[in-house]
Amino acid sequence: MDVLARSQISLRILKIVGSVAVIGSLFYLLAVTHYLRLDFEREYNRSLARFVKTTADRFEVSFYDRRAQLLALAHDLEASYRNPDAVSRYWDKGSKQDLADKRFKVDVHSSVFIPKQLAVTEDMLDEIAYTGSAWGASERQLGRELLSLSFISDTGFLRTQPLHRASLMAKDFDPRSSDLFVADTKDKDGSNWFVLLDPLNNEFTMTVTQKVMTEDRQRGVLVGVFDMPYGKFNRLTQVTNEFPVQLLLTDKDNRLLASSVQLQLLEEATPNTDLTVESIAAVLKDYPGPQYEGAVDQWHIPGSGKYHLVTVAMNGTEWSMIGLYPDSFIDDRLLRINYAMLVFMIAGALILTVISYQSLQHYISLPLKKLLAATQKIPMSDWHYNAPTLKEDEVGELSHAIDDLATNLRRTINSHQKTISSLDAMSKSLSSMYSTLDASGNLTAIMEPDWELIFANETFLDLFGADLGHGDFREIYRGFFPQLGAGHFQEVEDALKTHGIWQNEIHIESTDDGSTKNFLEKIFYQTGEEGDIVSIIYSAQALFQSGETSAEIQRLAYYDHLTGLQNRTFFKGVMEKELNALNRSESMLALLYLDLDNFKTINDSLGHDAGDELLIEVAGRLQECLRNEDAVARLGGDEFAILLTDVDVLHYVSIVANKILKALSQPMHLTGQLIEVQASIGVTIAPHDGVEVQELMKNADLAMYQAKAKGKNNFRFFTRDMNQQVSRRLALEQEVKSALENHEFVLFYQPKVHLKSGGIHSAEALIRWRLPSGEFRSPAEFIPAAEDSGLIDELGVWIMKTACQQAKTLYKALRQEVVISINVSARQLLNPAFVSQVGLAINEVNLKPSLLELEITESLFMSNLEQNIHQLDELRALGVRVSIDDFGTGYSSLSYLKRLPIDQLKIDRSFIMDLPDDEDDRVISELIISMAQRLSLEVVAEGVETREQYEYLDSLECEYIQGFYFAKPLPADEFMKLIFEVAKQPRGIFSQQH
Numbered sequence: 001m002d003v004l005a006r007s008q009i010s011l012r013i014l015k016i017v018g019s020v021a022v023i024g025s026l027f028y029l030l031a032v033t034h035y036l037r038l039d040f041e042r043e044y045n046r047s048l049a050r051f052v053k054t055t056a057d058r059f060e061v062s063f064y065d066r067r068a069q070l071l072a073l074a075h076d077l078e079a080s081y082r083n084p085d086a087v088s089r090y091w092d093k094g095s096k097q098d099l100a101d102k103r104f105k106v107d108v109h110s111s112v113f114i115p116k117q118l119a120v121t122e123d124m125l126d127e128i129a130y131t132g133s134a135w136g137a138s139e140r141q142l143g144r145e146l147l148s149l150s151f152i153s154d155t156g157f158l159r160t161q162p163l164h165r166a167s168l169m170a171k172d173f174d175p176r177s178s179d180l181f182v183a184d185t186k187d188k189d190g191s192n193w194f195v196l197l198d199p200l201n202n203e204f205t206m207t208v209t210q211k212v213m214t215e216d217r218q219r220g221v222l223v224g225v226f227d228m229p230y231g232k233f234n235r236l237t238q239v240t241n242e243f244p245v246q247l248l249l250t251d252k253d254n255r256l257l258a259s260s261v262q263l264q265l266l267e268e269a270t271p272n273t274d275l276t277v278e279s280i281a282a283v284l285k286d287y288p289g290p291q292y293e294g295a296v297d298q299w300h301i302p303g304s305g306k307y308h309l310v311t312v313a314m315n316g317t318e319w320s321m322i323g324l325y326p327d328s329f330i331d332d333r334l335l336r337i338n339y340a341m342l343v344f345m346i347a348g349a350l351i352l353t354v355i356s357y358q359s360l361q362h363y364i365s366l367p368l369k370k371l372l373a374a375t376q377k378i379p380m381s382d383w384h385y386n387a388p389t390l391k392e393d394e395v396g397e398l399s400h401a402i403d404d405l406a407t408n409l410r411r412t413i414n415s416h417q418k419t420i421s422s423l424d425a426m427s428k429s430l431s432s433m434y435s436t437l438d439a440s441g442n443l444t445a446i447m448e449p450d451w452e453l454i455f456a457n458e459t460f461l462d463l464f465g466a467d468l469g470h471g472d473f474r475e476i477y478r479g480f481f482p483q484l485g486a487g488h489f490q491e492v493e494d495a496l497k498t499h500g501i502w503q504n505e506i507h508i509e510s511t512d513d514g515s516t517k518n519f520l521e522k523i524f525y526q527t528g529e530e531g532d533i534v535s536i537i538y539s540a541q542a543l544f545q546s547g548e549t550s551a552e553i554q555r556l557a558y559y560d561h562l563t564g565l566q567n568r569t570f571f572k573g574v575m576e577k578e579l580n581a582l583n584r585s586e587s588m589l590a591l592l593y594l595d596l597d598n599f600k601t602i603n604d605s606l607g608h609d610a611g612d613e614l615l616i617e618v619a620g621r622l623q624e625c626l627r628n629e630d631a632v633a634r635l636g637g638d639e640f641a642i643l644l645t646d647v648d649v650l651h652y653v654s655i656v657a658n659k660i661l662k663a664l665s666q667p668m669h670l671t672g673q674l675i676e677v678q679a680s681i682g683v684t685i686a687p688h689d690g691v692e693v694q695e696l697m698k699n700a701d702l703a704m705y706q707a708k709a710k711g712k713n714n715f716r717f718f719t720r721d722m723n724q725q726v727s728r729r730l731a732l733e734q735e736v737k738s739a740l741e742n743h744e745f746v747l748f749y750q751p752k753v754h755l756k757s758g759g760i761h762s763a764e765a766l767i768r769w770r771l772p773s774g775e776f777r778s779p780a781e782f783i784p785a786a787e788d789s790g791l792i793d794e795l796g797v798w799i800m801k802t803a804c805q806q807a808k809t810l811y812k813a814l815r816q817e818v819v820i821s822i823n824v825s826a827r828q829l830l831n832p833a834f835v836s837q838v839g840l841a842i843n844e845v846n847l848k849p850s851l852l853e854l855e856i857t858e859s860l861f862m863s864n865l866e867q868n869i870h871q872l873d874e875l876r877a878l879g880v881r882v883s884i885d886d887f888g889t890g891y892s893s894l895s896y897l898k899r900l901p902i903d904q905l906k907i908d909r910s911f912i913m914d915l916p917d918d919e920d921d922r923v924i925s926e927l928i929i930s931m932a933q934r935l936s937l938e939v940v941a942e943g944v945e946t947r948e949q950y951e952y953l954d955s956l957e958c959e960y961i962q963g964f965y966f967a968k969p970l971p972a973d974e975f976m977k978l979i980f981e982v983a984k985q986p987r988g989i990f991s992q993q994h
């Protein structure tokens, strides 16, 4: 058997073996997946049953323990009522007067509230004393799970703890109107329990009530609010790393009392399943219950898919606990295993490919080389082909095909020769067409898409110059019409993109007799079959039409096609005319340069049609604010210019500018939505600021950008200092760039002191610019320049890498973990590459991610909430900590806090500087600290400079303090020395305080 025959057999065998292997692998994968799914389902169901049974037992034990604690306290209160002589009388007349004035009073363990409509009597004081005597001893018997404890007396007063709750009651609130008091009063047994969702803290609570009786007389109702027993309902329960379980609590009628799903939906912007509280409640309504205790059921929840459920009844409470997990978790686990198997199969396929390649190389490539050598000997003259001697197999057939190809090529060459003859004829035809264009009286030119001139007829060359048969058409045209501005052809290109044609009337004076000829010039695109621009055609034809046509052409040439206002070219001509007249009068001209704020956002969000509608509305409002003799133009995009003539006093210009801002700020209806528009205006005055058009336009533009920098929606007059400020800013930006290259920036570190231990576990990195002279330059000076120039990205990366290196150095030198926090700018946070930059900085020094903390100001974060939450989620996935800086100075609503993936809040220094004297600052600081503690967030008070501030914050149990009272920002070596010394002291940094 020869080589080629063997190659044919080998290829067939390879095909059969490959097909069988692929089909067999697929069947094997399906079988393994089926059996694995059954095994995973059994494993998950066993884990679910064990977990729900254990949780239910602990829940029941914990519940009865709390109920017994409350019952014991009720007995203590009943004993106080039965034995009033044993109660100490510590409510004196002063207490009575105090209650009459404030309606509440605080004692050691609790506080008392009395509605303003009730009189404070001696009997009521005695009863308050009875409850107070038993309160202190009994209240200590309750566990730390107690959130609040209240006693509502039949006589109308309320005793409660925490202490501050009485001060928060409305003065006319009657506690006896509470649903809990009414329900327990009607109940014969006098004991009830409820599950309630606390919306403030986003967690379920257990409320237990107990009627207090003495000798068949009701004295009141005792109300205890506890943490949920075995609080699995206040978070998504993770049985294993890949097996989260949802828990439900239902009553005897299958009504839903508590659900970890509800809290998950409140905490997560996008839940990872379609399960909702409503879908669960709908299923439970028709759920018949398990076949037997602890059985695993399968239940389909509409809109969410199939779930596995286990129900355990808690007979003492007539409640049931249900655990469930989605069937999709089994599919997810199978998917990961299938991926691994696919990788294994792909690896096998690669090995098989290598073996096949070697076989084909030996059995196929060598014969083909012989064929290639023969084809290279094909004569170039007649394309005759001498085929090598090969068997009648595939390669032999290929040899015959090449022979046929050579024959076809010979025929093709003959055909091409005919085509060349046709092209010669076409060239003559084009030459004839060019001659025709030369003979016509029209001006004709043809350009490349980039305006490079490729043809001009004789009439065009006679007018513009015989030596201008090449070059940029725009330069040639502007050289002939020097009065046209630089933006002329931008207007032409805008018209071409919008309408496909641009036309204009021009007037050319004849050099022979001095007469003026009128031409209608047109410019349009010539497109190919695919719609692409092949060339640009210019044509100008002598005009002999009526005056109306000429006026229409003039309107198209000098007025904006969208708004009807003057365009840039015409407006500059008006300015030139008015400036020439200004030399003969003593009045002034005012040029107002107006730019709409955030126009791009409106255009992108509502569409270009809405943007055009907005520009038309703005143009109309501008005209309504001006006199007939004033001029207004649209310069392009969302930029407008206004020329005020015959200005006698500058105050008039301010009046007009304010009038424009007020008119534009009125809401506009665009595409069915109410939109508010603001603008920034720059003003320059002639002849004080200049007498040239270009100079005045530049001055007004500078003033407009100053108005934007001052907060937008205002106007600014041009001053000579603005040129100097721009020059200084450009110089500063260059100096910042040089400082980065010369390594002049350094980081200082200001510690954050842990109040309970006095330890230093974290610090804020602050950038400093050390000049070659040794002096330091303020960050307030160079950070804005870095922001404007875009250098903040490079500077931010340097800060990040240096801070990571410092944290690593501290750990190596002291074996102590110190979190280093850095400030993040708006530009960095909006940079799509920011997350990868953070990950790279951490990986470069092999730093534990939790030792890097990013501080983001509250106002910056809220400017683009959804995008920033997504960005922070990615950062938290890296393990990096996140802190909200300047907290309290941003939005007044705090509802967004529960959605933020953050670790820490920093109270803004403006709330700290007047502590403890300022009452408002005390209230705000206390609220922020209390809220952070309830949300399990760290809280830092920055700007602490006095002992009084420190002691007051310590009394509020603020976790961390940062400020000059403990340490100023320190260079790296001094900061490391401080850390080392503090670590040796038993009370940390407090050991160094005097």
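Counting from 1, one number per residue, gives the positions in the sequence shown under the working numbering.
All C-beta atoms, glycine included, are put in the ideal place defined by N, C-alpha and C.
The structure presented is a predicted model; accordingly, all values stated were derived computationally and were not measured.
(message) Within 8 Å, do at least three Cβ pairs link the segment 701 to 717 to the segment 588 to 598?
(response) yes
(request) Look up N518 in the DSSP assignment and give the residues it is bridged to. (result) Locating residue 518 in the sequence shown gives position 518, where the first residue counts as 1. DSSP lists H507 as partners of N518.
(message) So the candidates are R899, R165, L284, Y81; which of them puts its Cα closest to the Cα of Y130?
(response) On the sequence shown, position 130 is the one that residue 130 refers to. Of R899, R165, L284, Y81, the residue nearest in Cα terms is Y81.
(message) I'd like the ranges of any alpha helix (DSSP H) spanning at least 4 consecutive residues and lying wholly in the segment 713 to 777.
(response) 720 to 741
(message) If I follow the unbroken beta strand (DSSP E) through Q962, where does it start and stop?
(response) Sequence index remark: in the sequence shown, residue 962 carries index 962 (1-based). Where Q962 is concerned, the enclosing beta strand (DSSP E) stretches over 960 to 962.
(message) Check this for me: beta carbons of V746 and R716, under 9 Å apart or not?
(response) As a first step, residue 746 is located in the sequence shown; it is residue number 746 there, counting from the start. As a first step, residue 716 is located in the sequence shown; it is residue number 716 there, counting from the start. Not in contact: V746 and R716 (Cβ atoms no closer than 9 Å).
(message) Which residue marks the beginning of the beta strand (DSSP E) containing H300, and which one marks its end?
(response) As a working note, residue 300 is residue 300 in the sequence shown. H300 -> beta strand (DSSP E) spans 296 to 301.
(message) Tell me whether the segment 206 to 214 and the segment 189 to 198 touch, counting them as touching only if at least three CB pairs, one residue from each stretch, are closer than 8 Å.
(response) Result yes; three or more Cβ-Cβ pairs closer than 8 Å.
(message) So, with DSSP's three-state summary, where would you put L851?
(response) Here residue 851 refers to the residue found at position 851 when the sequence shown is read from its first residue. In this structure, L851 counts as helix in the three-state DSSP scheme.
(request) Answer yes or no: do K756 and V940 have a C-beta to C-beta separation smaller than 9 Å? (result) Stepping through the sequence shown from its first residue, residue 756 is reached at position 756. Stepping through the sequence shown from its first residue, residue 940 is reached at position 940. Cβ distance not < 9 Å, so K756 and V940 don't count as in contact.
(request) Answer yes or no: the CB of F715 versus the heavy atoms of the ligand PLP, is any distance below 8 Å? (result) With respect to small molecules bound, the structure shown includes none, and the ligand PLP cannot be examined in it.
(request) Confirm, please, whether the CB-CB distance from L562 to I616 is below 9 Å. (result) One-based indexing of the sequence shown puts residue 616 at position 616. One-based indexing of the sequence shown puts residue 562 at position 562. Going by C-beta atoms, I616 is nearer than 9 Å to L562.
(message) If you follow the alpha helix (DSSP H) that F975 is in, where does it begin and where does it stop?
(response) The sequence position of residue 975 within the sequence shown is 975, counting from 1. First-last of the alpha helix (DSSP H) with F975: 972 to 984.
(request) Confirm, please, whether the CB-CB distance from I152 to G220 is below 9 Å. (result) Within the sequence shown, residue 220 is the residue found at index 220, counting from 1. Within the sequence shown, residue 152 is the residue found at index 152, counting from 1. In this structure, I152 lies closer than 9 Å to G220 by Cβ.
(message) So if DSSP puts K906 in a beta bridge, which residue, or which two residues, is it bridged to?
(response) Residue numbering aside, residue 906 sits at position 906 when the sequence shown is read from its first letter. Note: K906 sits in a beta bridge opposite V940.
(request) Return yes when the Cβ of E942 is within less than 9 Å of the Cβ of D908, no when it is not. (result) Locating residue 908 in the sequence shown gives position 908, counting from the first residue. Locating residue 942 in the sequence shown gives position 942, counting from the first residue. For D908 and E942, yes; Cβs fall inside 9 Å.
(message) Could you compute how far the alpha carbon of N83 sits from the alpha carbon of T155?
(response) Here the question's residue 83 lines up with position 83 in the sequence shown. Here the question's residue 155 lines up with position 155 in the sequence shown. Whole-angstrom Cα-Cα distance: 19 Å.
(request) Output the distance between the C-alpha atoms of E781 and D885, rounded to the nearest integer angstrom. (result) Stepping through the sequence shown from its first residue, residue 781 is reached at position 781. Stepping through the sequence shown from its first residue, residue 885 is reached at position 885. Spanning the two alpha carbons is a distance of roughly 21 Å.
(request) Determine which residues share a DSSP beta bridge with A542 and list them. (result) Mapped onto the sequence shown, residue 542 falls at position 542. F519, per the DSSP bridge assignment.
(message) Could you pull the DSSP bridge partners for K105 from this structure?
(response) The residue you call residue 105 lines up with position 105 of the sequence shown. For K105, which the question treats as bridged, DSSP gives the partners V112.
(request) Would you kindly report the start and end of the unbroken alpha helix (DSSP H) that includes G839? (result) What you label residue 839 is simply residue 839 of the sequence shown in a count that begins at 1. First-last of the alpha helix (DSSP H) with G839: 834 to 844.
(message) To the nearest angstrom, how far is the alpha carbon of K53 from that of G607?
(response) To locate residue 53, count along the sequence shown from 1; it is residue 53. To locate residue 607, count along the sequence shown from 1; it is residue 607. Distance between the alpha carbons of K53 and G607 is about 58 Å.
(request) Using three-state DSSP, classify W798 as helix, strand or coil. (result) Within the sequence shown, numbered from 1, the residue matching residue 798 stands at position 798. Looking at W798 - three-state DSSP - the assignment turns out to be helix.
(message) Taking only three categories from DSSP, how would you classify L626?
(response) Here residue 626 is taken as the residue at index 626 of the sequence shown, counted from 1. Note: L626 maps to coil in three-state DSSP.
(request) Between the Cα of R768 and those of P779, I506, S762, I760, spot the shortest distance and give me the residue it belongs to. (result) For the purposes of this step, residue 768 is taken as residue 768 along the sequence shown, with counting starting at 1. For the residues P779, I506, S762, I760, the minimum Cα distance to R768 belongs to P779.
(message) If the criterion is Cβ atoms closer than 9 Å, does the pair P916 and E948 meet it?
(response) Here residue 916 refers to the residue found at position 916 of the sequence shown. Here residue 948 refers to the residue found at position 948 of the sequence shown. When the beta-carbon positions are compared, P916 and E948 come within less than 9 Å of each other.
(message) Report the CB separation of A610 from M321 in whole angstroms; it is logged as a contact under 8 Å.
(response) Within the sequence shown, numbered from 1, the residue matching residue 610 stands at position 610. Within the sequence shown, numbered from 1, the residue matching residue 321 stands at position 321. 54 Å between Cβ atoms; not a contact.
(request) Run the CB neighbour count on F344, radius 10 Å, all protein chains shown included, and call it buried at 16 or more, exposed below. (result) Sequence index remark: in the sequence shown, residue 344 carries index 344 (1-based). Label assigned to F344: exposed.
(message) Three or more C-beta pairs under 8 Å: does that hold for the segment 910 to 924 against the segment 845 to 860?
(response) no
(message) Among S167, G564, L670, whose alpha-carbon lies nearest the alpha-carbon of F640?
(response) Walking along the sequence shown from the start, residue 640 turns up at place 640. Ranked by Cα distance from F640, the options S167, G564, L670 are led by G564.
(request) Please look up how many angstroms separate the CB atoms of V838 and S762, rounded, as I've assumed it's under 8 Å. (result) Position 838 of the sequence shown, counted from the start, is the residue given in the question as residue 838. Position 762 of the sequence shown, counted from the start, is the residue given in the question as residue 762. Not confirmed; about 17 Å, so no contact.
(message) Need the endpoints of the beta strand (DSSP E) that Q566 sits in, please.
(response) Position 566 of the sequence shown, counted from the first residue, corresponds to residue 566. From DSSP, Q566 is part of no beta strand (DSSP E); its letter is neither H nor E.
(request) Rounded to whole angstroms, what's the CA-CA distance from S892 to I929? Just pull it up for me. (result) What you label residue 892 is simply residue 892 of the sequence shown in a count that begins at 1. What you label residue 929 is simply residue 929 of the sequence shown in a count that begins at 1. Low per-residue confidence applies at S892: pLDDT is 43, beneath 50, and the placement is therefore not dependable enough to give any value.
(request) Whole angstroms is fine: what's the gap from A813's alpha carbon to A803's? (result) The residue labelled residue 813 in the question sits at position 813 within the sequence shown. The residue labelled residue 803 in the question sits at position 803 within the sequence shown. Going by the C-alpha atoms only, they are around 15 Å apart.
(message) How far does the beta strand (DSSP E) with V649 in it extend, from its first residue to its last?
(response) To locate residue 649, count along the sequence shown from 1; it is residue 649. Unbroken run through V649: none, as it is neither H nor E.
(request) Output the distance between the C-alpha atoms of L614 and L840, rounded to the nearest integer angstrom. (result) Counted from its first residue, the sequence shown places residue 614 at position 614. Counted from its first residue, the sequence shown places residue 840 at position 840. Going from the Cα of L614 to the Cα of L840 covers about 45 Å.
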